[in-house]
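These protein sequence lines are chains G and W, in that order.
First residue of the first sequence? That's 1413 in the working numbering, and the numbers climb one at a time after it.
First residue of the second sequence? That's 378 in the working numbering, and the numbers climb one at a time after it.
First comes the structure, then the notes that go with it.
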Amino acid sequence: MGERSILAVELCLQYDRQAHEALRHLLVQEKRPLSYQEKWNLYGHAAMTLLAHRGLWFRGCWDFYDNDLRARSDFNMWVSGMLTEEGARTHPSGTGDPYRNDPRYMTFTIAVLLVQGSPSERTLCRACDIQQSRLWQGDTFAHILSSMRYLNFASVEASTLYLIPNDGGYALTGDDLKHPKFQYLRPIV
Amino acid sequence: MDNPFVCDAGVDKPGIVGSRWWNKALKESSSLHTRRSSLGTGLVVAGLVLLGGATVWAVASASSGDDDEETKEERRRSLELQKDYGWNFGVVSETVVFDVQYTQTYAREALARLEADLAPKDAANLKYYVPTLFQSPEAVPRLTLPDGDTTRVKPLAEALRPILTPTMRDSEKRGAAYAALVASADSRVVTIIDLVGPDAVAFAAGAAALLDPVFLFDNWPHPRGVVPAHLTLAAATYYQPKLAKAKEERRAGAPPMFVIERGRLNPYTDDASQFDNRYAAKLPASAVANTDKVLYVVPTQANVPEQDDLNAQFSDWVKAGVEVRAIAADAFFVGADKATFGTTPEANTSFFAHYPWKKPAPPLVPVPTNERTAAYRPVARPAAATSVDPATIGLAGVVIGVGTGLLLGSKLNRSGTWNRTYSSYGGG
């Protein structure tokens, strides 16, 4: 059994209808089997859409681990976060008041389980070798997202993408983000 | 392999949308595949359920002998589990039993109108209405379990039968007598009915000509539910025509009566044999916005103080100057045709001597079965607040696949394939 690595990125953005619709469009397509090229296109579009809306970035988190146990465990954790709808609201949050500092937020999550030692995985490993002081800088997130183009999906065993919310009326509130379950999202500096 | 990436699980709800994909070309090398190992071999169960625009789905291997997925236990909201996986979640071969059936003609089609027929008439009361129970009869699962168990779920409506018990007949008469008195008070009185489910519905039906019922039944029936909500629902189906007619004829602005299931906090002890469909009453603080008088109806005078989930609200109202009083339903004596407060017409006339909400006050005639309730005044009980923590009631044990994150089944169901790996069950 080959060993695995994981690359995961989650961005929390201020809710913007246009950006939300662009990201949502990527996730509501037909669930037919996809080729490697189609998967690459999908993840490339996701990364480009996030980069195009950098001005909305609020918080984020990214990881790269080339430890097999950690990679598998973390991938399950990311997927579980989706299937259990852990971070999603079950009731509408309303649209907020843009004049009273009451913005809404959305999160977009990307995680891929990579074959360790493959050229694609090694390239991403080097791309993710970031100095501690720069881990949570916007430029670093941009760099990680741009590096998605190095993904070779023949070396990707599993992947997940998800967006919170699906319906804009269920966008996250500032109070939602104060919940301990969102503490892993760091302010982007 | 032209299209090796297969989407095998995902969620499409208002709060979240996403999916998980696997590369079939690499699948044999991962321990994460235990539940997907038969993808493409024909041994696949695919669940795709559309309901109200929301889609949740999963593809998982059918039960196979080599399933060694690691599992863990969690507790999740019972009601959400029932909505997702069926009203009899975990015991789909079991149903509910109605001992006292009303055998006359009953139209199942009318269940579709149950929620609307039993809604408050007054728009101001509509926002307080909790129709959860009335939404259960025709509901079908939104999700499919990996073992396909939920595909066998039949709607509760197939088992549901109206009931009419002797105590319901009495309660209906008591409700009518109660309403006639309370509605004649000099100012608005808000009623809170906290009786055993079927009797609560019957009392409300009796009072519905004069008072606007606001049902607060916030659970679903379950074959092993500690709250026998199926009986409350069966009583509601019996009284549906009467309540619908009363709603049509009731004058606008009638005082509200909040109707609560007394068994909502029944004792619960065992995940493996019981289903926790309990809930705390959602009694709105603003229910007293247009009054300073509340009358709390309990079965007998032995049933004060109020239940723990009401104590904080009652004491807050008292602090705010609201007069919160109690009355025993059995203080209404049931005769052949009607009920009266106390056992005599004089006692009935003396109602406002016990509850001085109408002038001039009549002469007092003692009603021994109501002495303790009439004398009762709520006081804050700090322990009550901690004894009914909504975060700890209405939860059910489930088993989750650690590798997939998928819900595999209920702790009530010990025949699931996942039990083979959970030593503490010893079954499967």
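Cβ coordinates follow ideal geometry from the N, Cα and C atoms, glycine included.
Everything numeric in this text was worked out from a predicted model, so none of it was measured.
Count the other CB atoms within 10 Å of the CB of Asp-647 of chain W; is the residue buried (16 or more) or exposed (fewer)? The sequence position of residue 647 of chain W within the second sequence is 270, counting from 1. Residue environment: Asp-647 of chain W is assigned as exposed (fewer than 16 neighbouring CB atoms within 10 Å of its CB, all protein chains considered).
With DSSP as the reference, label Val-469 of chain W as helix, strand or coil. Locating residue 469 of chain W in the second sequence gives position 92, counting from the first residue. In the structure shown, the three-state DSSP call for Val-469 of chain W is coil.
Against chain W, which members of the segment 1567–1591 of chain G pass a CB distance test of less than 8 Å? So the close ones are Val-1568, Glu-1569, Ala-1570, Ser-1571, Thr-1572, Leu-1573, Tyr-1574, Leu-1575, Ile-1576, Pro-1577, Asn-1578, Asp-1579, Gly-1581 and Tyr-1582.
Where the beta strand (DSSP E) through Glu-450 of chain W begins and ends: By 1-based counting over the second sequence, the position of residue 450 of chain W is 73. Per DSSP, the continuous beta strand (DSSP E) segment holding Glu-450 of chain W begins and ends at 448–454.
Cα-Cα separation, Pro-1445 of chain G to Pro-518 of chain W: The residue you call residue 1445 of chain G lines up with position 33 of the first sequence. The residue you call residue 518 of chain W lines up with position 141 of the second sequence. Answer to the nearest angstrom: the Cα atoms are 26 Å apart.
What residues are listed by DSSP as bridge partners for Ser-787 of chain W? As a first step, residue 787 of chain W must be located in the second sequence, where it is residue number 410. Its beta-bridge partners are W:Val-775.
Using a threshold of 8 Å, state whether the C-beta atoms of Ala-806 of chain W and Leu-491 of chain W are closer than that. Past the boundaries of the shown model lies residue 806 of chain W; chain W is included only from 378 to 805, so the question cannot be answered.
Taking 8 Å as the threshold (beta carbon to beta carbon), is Val-1527 of chain G in contact with chain C? No chain C is part of this structure, whose protein chains are labelled G and W.
Just checking my contact of Cys-1424 of chain G with Phe-1470 of chain G at CB under 8 Å: how many whole Å lie between their CB atoms? Indexing the first sequence from 1 puts residue 1424 of chain G at position 12. Indexing the first sequence from 1 puts residue 1470 of chain G at position 58. In this structure Cys-1424 of chain G touches Phe-1470 of chain G by the C-beta definition: roughly 5 Å separates them, less than 8 Å.
Which residues of chain W have a Cβ atom closer than 9 Å to the Cβ of Phe-1565 of chain G, listed in chain order? Here the question's residue 1565 of chain G lines up with position 153 in the first sequence. Under the 9 Å cutoff, chain W gives Pro-381, Phe-382 and Asn-400.
Just checking my contact of Asp-1486 of chain G with Ala-1539 of chain G at CB under 8 Å: how many whole Å lie between their CB atoms? Walking along the first sequence from the start, residue 1486 of chain G turns up at place 74. Walking along the first sequence from the start, residue 1539 of chain G turns up at place 127. Their Cβ separation, rounded to whole angstroms, is 18 Å, which puts Asp-1486 of chain G and Ala-1539 of chain G out of contact at 8 Å.
For the pair the segment 628–641 of chain W and the segment 574–584 of chain W, tell me if three or more CB-CB distances fall below 8 Å. At 8 Å Cβ cutoff, the stretches touch.
Which class does Lys-670 of chain W belong to by DSSP, given the choice of helix, strand or coil? Counted from its first residue, the second sequence places residue 670 of chain W at position 293. Lys-670 of chain W: strand per DSSP, three-state reduction.
Checking contacts by CB at 8 Å: is Glu-447 of chain W closer than that to chain G? If you number the second sequence from 1, residue 447 of chain W lands on position 70. No, no contact with chain G.
Following the continuous beta strand (DSSP E) through Met-634 of chain W, name the residue where it begins and the one where it ends. Along the second sequence, one-based indexing puts residue 634 of chain W at 257. Per DSSP, Met-634 of chain W belongs to the beta strand (DSSP E) from 633–638.
So, helix, strand or coil for Trp-806 of chain W, using DSSP? Chain W is shown only over 378 to 805; residue 806 of chain W falls outside these bounds and no answer can be derived.
Tell me whether Tyr-1448 of chain G is buried or exposed, calling it buried when 16 or more other Cβ atoms sit within 10 Å of its Cβ. The residue given as residue 1448 of chain G occupies position 36 in the first sequence. Buried: at least 16 other Cβ atoms inside 10 Å.
Same chain, Cβ closer than 7 Å to Met-1494 of chain G, neighbours up to 5 away in sequence not counted: In the first sequence, the residue the question calls residue 1494 of chain G occupies position 82. Within its own chain, the residues whose Cβ lies closer than 7 Å to the Cβ of Met-1494 of chain G, once the five positions on either side in sequence are excluded, are Thr-1572 and Tyr-1574, listed in chain order.
Does the segment 746–761 of chain W come into contact with the segment 694–713 of chain W, if we say contact requires no fewer than three beta-carbon pairs (one atom in each stretch) closer than 8 Å? Touching, yes, given that three or more Cβ pairs across the two stretches are closer than 8 Å.
Same chain only: Cβ atoms within 6 Å of Asn-1564 of chain G, ignoring 5 sequence neighbours per side: The residue you call residue 1564 of chain G lines up with position 152 of the first sequence. The answer, listed in chain order, is Ser-1532.
Does the separation of the CB atoms of Pro-1577 of chain G and Arg-1501 of chain G fall below 8 Å? Reading the first sequence from its first residue, position 165 is the one you call residue 1577 of chain G. Reading the first sequence from its first residue, position 89 is the one you call residue 1501 of chain G. A contact, by the Cβ cut-off of 8 Å.
Just the chain W side, please: which residues come within less than 7 Å of Leu-1495 of chain G by C-beta, in chain order? Here residue 1495 of chain G refers to the residue found at position 83 when the first sequence is read from its first residue. At a beta-carbon threshold of 7 Å, the residues of chain W lying near Leu-1495 of chain G are Ala-386, Val-388, Gly-782 and Leu-783, ordered along the chain.
Name the chain W residues that come within less than 8 Å of Ser-1447 of chain G, Cβ to Cβ? Start at 1 with the first residue of the first sequence, and residue 1447 of chain G comes out as number 35. Chain order gives the chain W residues near Ser-1447 of chain G as Asp-379, Asn-380, Pro-381 and Phe-382, where near means a beta carbon separation below 8 Å.
So within the segment 1545–1597 of chain G, which uninterrupted beta strand (DSSP E) runs reach at least 3 residues, ignoring any that extend past its ends? Taking only runs of at least 3 residues, the beta strand (DSSP E) segments lying wholly in the segment 1545–1597 of chain G are 1568–1576.
For Pro-676 of chain W and Asn-688 of chain W, I'd like the C-alpha separation in whole angstroms. Start at 1 with the first residue of the second sequence, and residue 676 of chain W comes out as number 299. Start at 1 with the first residue of the second sequence, and residue 688 of chain W comes out as number 311. The alpha-carbon atoms of Pro-676 of chain W and Asn-688 of chain W are separated by roughly 17 Å.
What does Ser-727 of chain W touch in chain G if you count any residue whose Cβ is under 8 Å from its own? The sequence position of residue 727 of chain W within the second sequence is 350, counting from 1. Within 8 Å of the CB of Ser-727 of chain W, no CB atom of chain G is found; the nearest one sits about 48 Å away.
Buried versus exposed call for His-731 of chain W [16 or more other C-beta atoms within 10 Å across all chains shown]: Along the second sequence, read from residue 1 onward, the residue named residue 731 of chain W stands at position 354. Residue environment for His-731 of chain W: buried (at least 16 other C-beta atoms within 10 angstroms of its C-beta).
Here's the rule: buried if 16 or more other CB atoms are within 10 angstroms of the residue's CB, otherwise exposed. What is Leu-488 of chain W? One-based indexing of the second sequence puts residue 488 of chain W at position 111. Leu-488 of chain W is buried by the Cβ-count criterion.
Is it true that the CB of Phe-710 of chain W sits closer than 8 Å to the CB of Gly-719 of chain W? Walking along the second sequence from the start, residue 719 of chain W turns up at place 342. Walking along the second sequence from the start, residue 710 of chain W turns up at place 333. Phe-710 of chain W is positioned such that its CB atom lies closer than 8 Å to that of Gly-719 of chain W.
Can you give me the start and stop residues for the alpha helix (DSSP H) that Glu-625 of chain W sits inside? Within the second sequence, numbered from 1, the residue matching residue 625 of chain W stands at position 248. 606–626 is the extent of the alpha helix (DSSP H) around Glu-625 of chain W.
Pick helix, strand or coil for Phe-580 of chain W, following the three-state DSSP scheme. Taking the second sequence and counting its residues from 1, the one referred to as residue 580 of chain W is at position 203. In the three-state reduction of the DSSP assignment, Phe-580 of chain W falls in the helix class, which pools H, G and I.
Please tell me whether Gln-617 of chain W and Leu-495 of chain W are closer than 8 Å, where the distance is taken between their beta carbons. Counted from its first residue, the second sequence places residue 617 of chain W at position 240. Counted from its first residue, the second sequence places residue 495 of chain W at position 118. The answer is yes: Cβ separation under 8 Å.
For the alpha helix (DSSP H) that contains Val-1491 of chain G, what are its first and last residues? Reading the first sequence from its first residue, position 79 is the one you call residue 1491 of chain G. That run of the alpha helix (DSSP H) goes 1480–1495.
Contact check, Ala-1570 of chain G vs Trp-597 of chain W under 8 Å by CB: the rounded distance? For the purposes of this step, residue 1570 of chain G is taken as residue 158 along the first sequence, with counting starting at 1. For the purposes of this step, residue 597 of chain W is taken as residue 220 along the second sequence, with counting starting at 1. 36 Å between Cβ atoms; not a contact.
Three-way DSSP call (helix, strand, coil) for Ser-663 of chain W in this model: Reading the second sequence from its first residue, position 286 is the one you call residue 663 of chain W. For Ser-663 of chain W, the secondary structure class from DSSP, reduced to helix, strand or coil, is helix.
Quick check on Ser-396 of chain W - is its C-beta less than 8 Å from some C-beta in chain G? Taking the second sequence and counting its residues from 1, the one referred to as residue 396 of chain W is at position 19. Interface residue, yes.
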